[in-house]
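Asks: So that we are looking at the same thing, I have put the structure below in structure tokens.
Structure (structure tokens):
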């Protein structure tokens with residue numbers, strides 16, 4: 003019988019946060035980095051963090067200074083992402099993996115400057131939205147794979163307990179059982195919940211910006227769509243009432259993204275719990 007190998011290399015669906023730093027000046031860099039990371043510290047404590055420098059254009063601040071500012075905020079980085087190979091040499095002695103990769107199409111400056119729908123999507127997100135973007139990294143063979151339209155939705159029919167994770171790869175998920183605080187629900191497509199939705203809820207995990215979250219009873223600790231996340235503060239949900247809600251990604255005129263929360267007209271289906 004063939005001996006089972008003790009060491010193998012596998013893909014992973016571990017949560018990876020990209021700390022995206024765009025153009026700016028050195029005077030405000032450290033304070034903005036510190037404020038942003040402090041607000042996201044609960045999330046960073048449970049994820050792998052990488053520093054993404056690919057969206058910079060002017061390059062007014064040296065890459066090393068950005069790394070230093072993030073490290074001074076007590077964040078342990080796993081790697082640095084760059085789009086310009088010339089920066090590799092300047093970061094070589096930082097004892098960090100430096101990965102050269104193109105900027106995702108959806109993150110390029112000036113893309114999708116269509117903001118006409120923003121006003122119709124309901125109340126905008128509050129200051130709890132951050133430019134730190136959580137993305138669930140998939141195995142390399144499907145890292146850029148979009149949701150397959152012909153795949154049937156996955157169904158979550160058993161309660162998702164604290165510490166458990168449910169991942170709907172390449173498809174939507176229909177939630178017909180409650181999820182608990184401390185659980186994690188991930189889908190490459192949209193999430194439709196007809197039971198109390200708690201814990202961490204991430205839709206469009208593979209980068210699907212048209213994904214959304216629809217919930218009859220939303221009480222999540224954190225939500226994300228296509229890598230843009232929001233942590234709910236006290237009173238956020240009260241502003242839209244106790245009924246069903248939707249969360250979707252809106253694109254501003256300058257290309258920036260935000261999550262919009264909107265109330266939905268309750269239906270007889272969504273009232274069944």
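In this note's numbering, the protein residues as written are 3 to 275. Glycine included, each C-beta is placed from N, C-alpha and C at the ideal position. In this text, all values refer to a predicted model and were calculated from it rather than measured experimentally.
Run through the region 78–104 for me and flag every whole beta strand (DSSP E) of 3 or more residues, listed as ranges in chain order.
Replies: Runs found: 79–84, 100–102.
Asks: Between residue 165 and residue 62, what straight-line distance do the alpha-carbon atoms span, to the nearest angstrom?
Replies: When rounded, the distance between both Cα atoms is 42 Å.
Asks: Pull up the distance between the alpha-carbon of residue 88 and that of residue 184, whole angstroms please.
Replies: Going from the Cα of residue 88 to the Cα of residue 184 covers about 42 Å.
Asks: Would residue 92 pass as a contact of residue 73 if the rule is Cβ separation under 8 Å?
Replies: In this structure, residue 73 does not lie closer than 8 Å to residue 92 by Cβ.
Asks: List the DSSP bridge partners of residue 214.
Replies: According to DSSP, which records beta bridges pairwise, residue 214 is partnered with 250.
Asks: Ends of the alpha helix (DSSP H) at residue 158?
Replies: Per DSSP, residue 158 belongs to no alpha helix (DSSP H); it is in the beta strand (DSSP E), 156–158.
Asks: Can you tell which of 105, 197, 226 has the C-alpha that lies nearest to the C-alpha of residue 203?
Replies: With distances taken between Cα atoms, residue 203 lies closest to 226.
Asks: May I ask you to check if the CB of residue 221 is nearer than 7 Å to at least one heavy atom of the ligand HEM?
Replies: The ligand HEM is not part of the structure shown, which contains no ligands of any sort.
Asks: With residue 228 and residue 251 assumed to form a contact (beta carbons below 8 Å), what rounded beta-carbon distance in angstroms separates them?
Replies: Sure, about 6 Å apart at Cβ, within 8 Å.
Asks: Over what stretch of residues does the beta strand (DSSP E) that includes residue 175 continue unbroken?
Replies: Segment 175–177, the beta strand (DSSP E) holding residue 175.
Asks: Can you give the beta carbon distance from residue 2 to residue 266, rounded, assuming they're within the 8 Å contact cut?
Replies: Residue 2 falls outside the range modelled here, since the chain spans only 3 to 275, and no answer is possible.
Asks: Which residue comes first and which comes last in the alpha helix (DSSP H) that contains residue 38?
Replies: Unbroken alpha helix (DSSP H) run through residue 38: 28–41.
Asks: Rounded to whole angstroms, what's the CA-CA distance from residue 182 to residue 38? Just pull it up for me.
Replies: One C-alpha to the other measures close to 27 Å.
Asks: Pull the bridge partners of residue 205 from the DSSP assignment, please.
Replies: Partner(s): 227.
Asks: With the cut-off set at 8 Å, would you say residue 85 and residue 103 are in Cβ contact?
Replies: For residue 85 and residue 103, yes; Cβs fall inside 8 Å.
Asks: Nearest-angstrom Cα distance between residue 207 and residue 174?
Replies: For residue 207 and residue 174, the distance between alpha carbons rounds to 11 Å.
Asks: Going by Cα to Cα distance, which pick from 169, 171, 21, 11 is closest to residue 41?
Replies: Nearest option by C-alpha distance: 21.
Asks: Using three-state DSSP, classify residue 188 as helix, strand or coil.
Replies: Three-state result, residue 188: strand.
Asks: Kindly indicate which three-state DSSP category residue 70 falls into: helix, strand or coil?
Replies: Of the three classes helix, strand and coil, the one that applies to residue 70 here is helix, per DSSP.
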